[in-house]
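Quick notes on the structure that follows.
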Amino acid sequence: MAEVQWGWSDRLSLPYPAMDETHQEFVELCAALSEDNPATFLQRLDALIAHSVAHFEQENTWMAETDFPPKGCHEQEHNAVLEIMREVRQRFEAGDSELGARLAEELPHWFEHHVDTMDNMLARHMAALQKEASAVTA
9 MAEVQWGWSD
19 RLSLPYPAMD
29 ETHQEFVELC
39 AALSEDNPAT
49 FLQRLDALIA
59 HSVAHFEQEN
69 TWMAETDFPP
79 KGCHEQEHNA
89 VLEIMREVRQ
99 RFEAGDSELG
109 ARLAEELPHW
119 FEHHVDTMDN
129 MLARHMAALQ
139 KEASAVTA
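If you read the sequence shown in the numbering used here, its first letter stands for residue 9, the second for the next number, and so on.
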């Protein structure tokens with residue numbers, strides 16, 4: 009498995025700090041998948057899956073609480089990515105280590121696109137709601 013250098017950058021920052029904190033952890037765990045150590049790949053993938061479950065549940069809750077219009081599409085993407093991670097885990101455990109390397113290579117691209125589109129819209133939606141709430145209480 010080739011090591012890929014990928015990490016947090018300002019390019020991934022959004023106008024909602026709580027989301028950025030969660031995303032920074034996702035980036036760290038995702039980057040760790042590319043470590044060239046097949047013996048610990050499942051442990052690293054399990055950590056990413058556990059984080060992703062909590063991460064996506066948090067975003068799903070935010071979307072529900074704020075009546076975010078494209079909630080269904082965003083949730084479907086979360087579910088699809090989790091399904092892929094779990095499938096890769098199952099197949100890696102069965103001996104298909106190539107899929108682990110492929111996930112480590114492709115997941116950063118997916119995440120960057122997801123942040124640029126779906127998470128960006130959600131962050132802006134929540135930031136606007138916070139600004140409106142602050143204006144009302146001021």
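Heads up, the beta-carbon is just placed ideally off N, CA and C, and yes, glycines get one too.
DSSP-derived helix/strand/coil call for residue i
{"i": "aspartate 104", "result": "coil"}
{"i": "glutamate 95", "result": "helix"}
{"i": "tryptophan 118", "result": "helix"}
{"i": "glutamate 113", "result": "helix"}
{"i": "proline 78", "result": "coil"}
{"i": "leucine 151", "result": "Because the chain here runs from 9 to 146, residue 151 falls outside it and cannot be looked at."}
{"i": "glutamate 43", "result": "coil"}
{"i": "alanine 13", "result": "Checking the sequence, you will find glutamine at residue 13 rather than alanine. If DSSP states are grouped into helix, strand and coil, glutamine 13 belongs with coil."}
Residue i: first and last residue of the uninterrupted alpha helix (DSSP H) it sits in
{"i": "serine 60", "result": "49–73"}
{"i": "methionine 129", "result": "128–145"}
{"i": "phenylalanine 34", "result": "25–40"}
Test item: CB-CB of residue i and residue j under 9 Å
{"i": "glycine 108", "j": "leucine 53", "result": "yes"}
{"i": "valine 61", "j": "proline 116", "result": "no"}
{"i": "glutamate 65", "j": "histidine 82", "result": "no"}
{"i": "proline 135", "j": "proline 46", "result": "In the sequence on display, residue 135 carries alanine and not proline. Against a cut-off of 9 Å, the Cβ pair of proline 46 and alanine 135 comes out as no contact."}
{"i": "proline 77", "j": "methionine 126", "result": "no"}
{"i": "leucine 20", "j": "histidine 31", "result": "yes"}
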